[in-house]
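A quick write-up on the structure given underneath.
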Amino acid sequence: MISLDLKNAGKHSNFHGLLKVFHIDWVMFVSAFLISIAGLITMNSFTGENSYFEKQTIWISVSVAVFFFVSLFDFRFLRRTAVVVSIFALSLITLGSLLVLGSVAKGAKSWFNFGFFSFQPSDLVKFALIIFLEKYFSRRHMEISNIRHIIVSGAYVLIVFFMVLRQPDFGSAMIIFLLWLGMVLVSGISKKHLLIVFLIGAVSFGGLWFYVFKDYQKKRIVTFIYPLSDIRGAGYNAYQSTIAVGSGRLSGKGIGYGTQSKLKFLPEYQTDFIFAAYAEEWGFFGVILLFSLYAILIWRIILNAYHGATNFEILYGIGLSILFMSHFAINVGMNIGLLPVTGITLPFMSYGGTHLLSGFIGLGILMGMRRYRTATHRNVMKNEFLGL
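Residue numbers (our numbering): 452 to 839.
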């Protein structure tokens, strides 16, 4: 009896030892994984010639495996200026190559098509931008009151912004802008400089409207202001999406019984409008459950950022949370008719290998940073970060 207990104790100890090797925040991981499963279930509720479920199952499996693999690395090498500059330069080269060699899909040259799979560089470029900005602001957070650093960081980001907008990918370009704005705000920008930033943004938007935006992009924005002005044209997707969300009511129609999505009235139900498809079948209670999972995910990311070893790790976690929150807010907003349709995916839930893989890689990097975090200087780092 004693020997059996010793064996069980040994197995129990080995299991806990294996868990400690990864240093995983299991609450965060389970939240992201359950969101992915919710998207998978929503895709599986459609019958006919639909291979989304099978492909997404493979992508989830690969992404989870990559998450655990990435979490084993020590990412302190990212603090090196040469490494960060190389990552930023590689991002620009990739985006430049995309404009020349990319495949056109739905009017945008946003993908590299390799035949057996497609790759969207903008998803990984967003993470490269987080690394670049965290490196920049982690060394200048005490000088952030100097508007020069805001202008310089904005100039770097503007290059990426216009290269993505040139594809044209307005949704990803907006995410890139929000990433920069969020990182600037948490770095301690003054209210006066914040006003200047917004004025510059307003002037820039005016220039984009008259000289950059395509006609269909203008139509989407006009449709946002007057949603019933073009129901059969530019406003069709948003109109069908709001119908799907509203028809779910409290408890939903049940898995596989979403008429708007199942009968194909709702377009792109597996990517841009998967939230509407989910809300139609799961209802208000299901939406509350989904929102709770996202809230837990963001909370755990911010909590891990708070315990970061240096400002570099803190800013990475904050940037990651800004990225996911921006995607979530824009996607849900366009699904319920509060924001124009921009083609932004719902993190961990929408169909697609690139965004799913990059999302889990982002979390894996955070877990790699968690391995060498220190609690000893937490208050010192907090005061330093806040400029107290």
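Glycine residues also receive a C-beta, built at the ideal position from the N, C-alpha and C atoms.
Given a cut-off of 8 Å on the beta-carbon distance, is the pair L797 and K577 in contact? Reading the sequence shown from its first residue, position 346 is the one you call residue 797. Reading the sequence shown from its first residue, position 126 is the one you call residue 577. No; because the gap between Cβ atoms is not below 8 Å, this pair is not in contact.
Taking the alpha-carbon of M785 as reference, which of S743, I725 and I602 has the nearest alpha-carbon? Position 334 of the sequence shown, counted from the first residue, corresponds to residue 785. Minimum Cα distance to M785 is reached at I725.
With C-beta atoms as the reference, is I627 less than 8 Å away from L771? Position 176 of the sequence shown, counted from the start, is the residue given in the question as residue 627. Position 320 of the sequence shown, counted from the start, is the residue given in the question as residue 771. It is not a contact, given that the beta carbons lie outside the stated cut-off.
Would you kindly check if the distance between the Cβ of G815 and the Cβ of V521 is under 8 Å? As a first step, residue 521 must be located in the sequence shown, where it is residue number 70. As a first step, residue 815 must be located in the sequence shown, where it is residue number 364. Less than 8 Å separates the beta-carbon of V521 from that of G815.
Is it right to say Y802 is buried, meaning 16 or more other beta carbons lie within 10 angstroms of its own, or is it exposed? Residue mapping note: residue 802 aligns to position 351 of the sequence shown, counting from 1. Label assigned to Y802: buried.
Within the same chain, show all residues whose beta-carbon is closer than 6 Å to that of G810, passing over the 5 residues directly before and after it, in chain order. Counting from 1 along the sequence shown, the entry for residue 810 is found at position 359. Around G810: P798 and F799.
Own chain, CB closer than 7 Å to T805, minus 5 neighbours either side, in chain order: Walking along the sequence shown from the start, residue 805 turns up at place 354. Here the set comprises F570, Q571 and D574.
Taking all protein chains shown into account, decide if K665 is buried (16 or more other Cβ within 10 angstroms of its Cβ) or exposed. By 1-based counting over the sequence shown, the position of residue 665 is 214. It counts as exposed.
Spatial neighbours of G703 within its chain, please: CB distance less than 6 Å, with the 5 preceding and 5 following residues excluded, ordered by chain position. Working through the sequence shown from its first residue, we reach residue 703 at position 252. Around G703: E732, W733, G734 and G737.
Do the stretch 777–796 and the stretch 613–631 meet, that is, are 3 or more Cβ pairs less than 8 Å apart? yes
S569 by DSSP, collapsed to three states: which one? Reading the sequence shown from its first residue, position 118 is the one you call residue 569. DSSP places S569 in strand when its eight states are reduced to three.
Kindly indicate the opening and closing residues of the alpha helix (DSSP H) around S638. Taking the first residue of the sequence shown as position 1, residue 638 is located at position 187. It is not in any alpha helix (DSSP H) - S638 carries neither H nor E in the DSSP assignment.
Distance between Y729 and H600 (C-alpha atoms, nearest Å): Along the sequence shown, read from residue 1 onward, the residue named residue 600 stands at position 149. Along the sequence shown, read from residue 1 onward, the residue named residue 729 stands at position 278. About 43 Å.
Using DSSP with H/G/I as helix, E/B as strand and the rest coil, what is S561? Your numbering for residue 561 matches position 110 in the sequence shown. S561 falls in the strand class under three-state DSSP.
Any chain B beta carbon closer than 8 Å to T493: Looking at the structure shown, chain B is missing, and only one protein chain is on hand.
Just to confirm the assignment, what range does the alpha helix (DSSP H) spanning N597 have? As a working mapping, residue 597 is identified with position 146 in the sequence shown. Careful: N597 lies outside any alpha helix (DSSP H) and carries neither H nor E.
So what's S841 in DSSP terms, helix, strand or just coil? Outside the shown range of the chain (452 to 839) lies residue 841, about which nothing can therefore be said.
Might you give, ordered along the chain, the residues of its own chain that have their beta carbon closer than 8 Å to the beta carbon of T532, omitting 5 neighbours on each side? Translated into the one-based positions of the sequence shown, residue 532 becomes position 81. Only K586 meet the Cβ criterion.
In angstroms, rounded to a whole number, what distance separates the CA positions of S604 and A579? Your numbering for residue 604 matches position 153 in the sequence shown. Your numbering for residue 579 matches position 128 in the sequence shown. Taking the straight line from one Cα to the other gives about 14 Å.
Cα separation between L837 and W750? Numbered from 1 along the sequence shown, position 386 holds the residue referred to as residue 837. Numbered from 1 along the sequence shown, position 299 holds the residue referred to as residue 750. The pLDDT assigned to L837 is 43, lower than 50, so where the model puts this residue is not dependable; a value taken from the coordinates is nonetheless given after this. Taking the straight line joining both Cα atoms gives about 19 Å.
Start and end of the alpha helix (DSSP H) containing I511? For the purposes of this step, residue 511 is identified with residue 60 of the sequence shown, where counting begins at 1. Its alpha helix (DSSP H) spans residues Y503 to V521.
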